[in-house]
Amino acid sequence: MPLAALRLGVNIDHVATIRNARGGEHPDPVRAAKQAAESGADGITAHLREDRRHITDTDIDRLMAEIDLPLNLEMAATPEMLDIALRHKPHAVCIVPEKREERTTEGGLDVAAGHNHIAPYVRQLGEAGIRVSLFIEPDPVQIAVAEAMGAAVIELHTGAYCEAALRNDTAETARLFQKIEIGTAEGYARGLEVHAGHGLTYDTVKPVAAIAHIAELNIGHFLIGEAIFRGLREAVTTMRGLMVEARAQR
Ligand code: PXP
């Protein structure tokens, strides 16, 4: 069976982080999204946080109006965010856990414990024709609950795997990678589309990209950081090249 195409979603949040450090309009995340699109991205991902620390409401308005690629809007399950999503109707919404004090999304959404809170969001977004993704740990219980909730997509959190790889902890990296592999097979077998992301770099992307049933990787922080040294176009093109290589080597 031929492998499914693997899409790259470029997360542009941290272009906005740099802009917001000074206020004003530069650097413009929408310009970054356009460059990412020209460099092989298949989608743009942006996380509208409750505290608007990076992407703002105006950025979302502009991304919807000016970008041809599908927008994957990451958001917490709150009434405010639901209203915004239903107003814009992006291609996809990825529901993520959100804590004000965290620097980044620290772990997956606990859909098992949070079922009664999250399920109505999945339903309402789905009824509006938005593809709903749940950002979860590669854990069999979380995957089963995501399916039962009616989500179309799960995004498996790769953060712990990437951190273990950064520490050169080979045994832990292998253990956590296997969880992503098994979680992907489990999600696919349940009819879910499986995405993965968080913390991925040039060093960690290939094994994940080589997992046959992963359909999309969402990558942000590393690409924006790397863009400082080699420009965003080249940063994205290189990442895309590694993903293609990983698939071809299977
Ligand atoms: N996927 C999800 C659901 C996320 O919340 C994030 C971070 O916003 C990413 C992917 C991208 O992670 P990173 O910026 O570490 O590449």
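Taken in order, the sequence shown gives residues 1 to 250; the numbers are from the working numbering. Beta carbons are placed, not taken as given, at the ideal position from N, Cα and C, and that holds for glycine. As the structure is a computational prediction, the values presented were derived from the model and not from experiment.
Span of the beta strand (DSSP E) holding H47? On the sequence shown, position 47 is the one that residue 47 refers to. Counting along the chain, the beta strand (DSSP E) containing H47 begins and ends at G43 to H47.
Below 6 Å CB to CB, which residues in the same chain sit around I118 once its five sequence neighbours on both sides are set aside? Your numbering for residue 118 matches position 118 in the sequence shown. For I118, the CB contacts under 6 Å within the same chain, skipping 5 residues up- and downstream, are A77 and V111 in chain order.
Is H221 near ligand 1, with its Cβ less than 7 Å from a heavy atom? Numbered from 1 along the sequence shown, position 221 holds the residue referred to as residue 221. Flag set: Cβ of H221 near ligand 1.
Classify K34 as buried or exposed, calling it buried when 16 or more other Cβ atoms lie within 10 Å of its own Cβ. Within the sequence shown, numbered from 1, the residue matching residue 34 stands at position 34. Under this definition K34 is a buried residue.
Beta strand (DSSP E) runs contained entirely in the stretch 100 to 156, provided each spans 3 or more residues: 131 to 136
Helix, strand or coil, according to DSSP, for A77 in the structure here? In the sequence shown, residue 77 corresponds to position 77, counting from 1. DSSP places A77 in coil when its eight states are reduced to three.
Please list, in chain order, all residues of the same chain as L192 whose beta carbon is under 8 Å from its beta carbon, the five residues on each side excluded. Locating residue 192 in the sequence shown gives position 192, where the first residue counts as 1. The residues are I143, A146, E147, A151, A152, V153 and I154.
Between which two residues does the beta strand (DSSP E) harbouring R7 extend? Locating residue 7 in the sequence shown gives position 7, where the first residue counts as 1. Here the beta strand (DSSP E) through R7 covers R7 to N11.
Since I believe T158 is in contact with H198 (beta carbons under 8 Å), could you give me their beta-carbon distance rounded to a whole number of angstroms? On the sequence shown, residue 198 is found 198 positions in, with the first residue counted as 1. On the sequence shown, residue 158 is found 158 positions in, with the first residue counted as 1. At roughly 5 Å, the Cβ-Cβ gap stays under 8 Å, so H198 and T158 are in contact.
Within 10 angstroms of the Cβ of V141, are there 16 or more other Cβ atoms? Answer buried if so, exposed if not. Position 141 of the sequence shown, counted from the first residue, corresponds to residue 141. That one is exposed.
Specify whether the stretch 234 to 246 and the stretch 3 to 12 touch according to this definition: at least 3 beta carbon pairs, one from each stretch, less than 8 Å apart. yes
Of all the options D57, T104, D169 and L109, which has the alpha carbon lying nearest to the alpha carbon of I84? Along the sequence shown, read from residue 1 onward, the residue named residue 84 stands at position 84. It is D57 whose Cα lies nearest to the Cα of I84.
Assign V236 to one of three DSSP states: helix, strand, or coil. As a position in the sequence shown, residue 236 is number 236, starting the count at 1. Reduced to three states, the DSSP call for V236 is helix.
Check whether the stretch 172 to 192 touches the stretch 50 to 70, taking contact to mean three or more Cβ pairs, one atom from each stretch, closer than 8 Å. The answer is no - the stretch 50 to 70 does not touch the stretch 172 to 192, with fewer than three Cβ pairs under 8 Å.
Do I60 and K89 have their CB atoms nearer than 8 Å? Within the sequence shown, numbered from 1, the residue matching residue 60 stands at position 60. Within the sequence shown, numbered from 1, the residue matching residue 89 stands at position 89. No, these two residues do not count as a Cβ contact at 8 Å.
Report the rounded CA-to-CA distance for E38 versus T238, giving the unit in angstroms. On the sequence shown, position 38 is the one that residue 38 refers to. On the sequence shown, position 238 is the one that residue 238 refers to. Roughly 13 Å between the two C-alpha positions.
For the beta strand (DSSP E) that contains I211, what are its first and last residues? For the purposes of this step, residue 211 is taken as residue 211 along the sequence shown, with counting starting at 1. Here I211 belongs to no beta strand (DSSP E), and DSSP marks it neither H nor E.
Quick one, which of E163, A174, A212 and R247 has its alpha-carbon nearest A185's? Stepping through the sequence shown from its first residue, residue 185 is reached at position 185. From the listed residues E163, A174, A212 and R247, the smallest Cα separation to A185 is found for A212.
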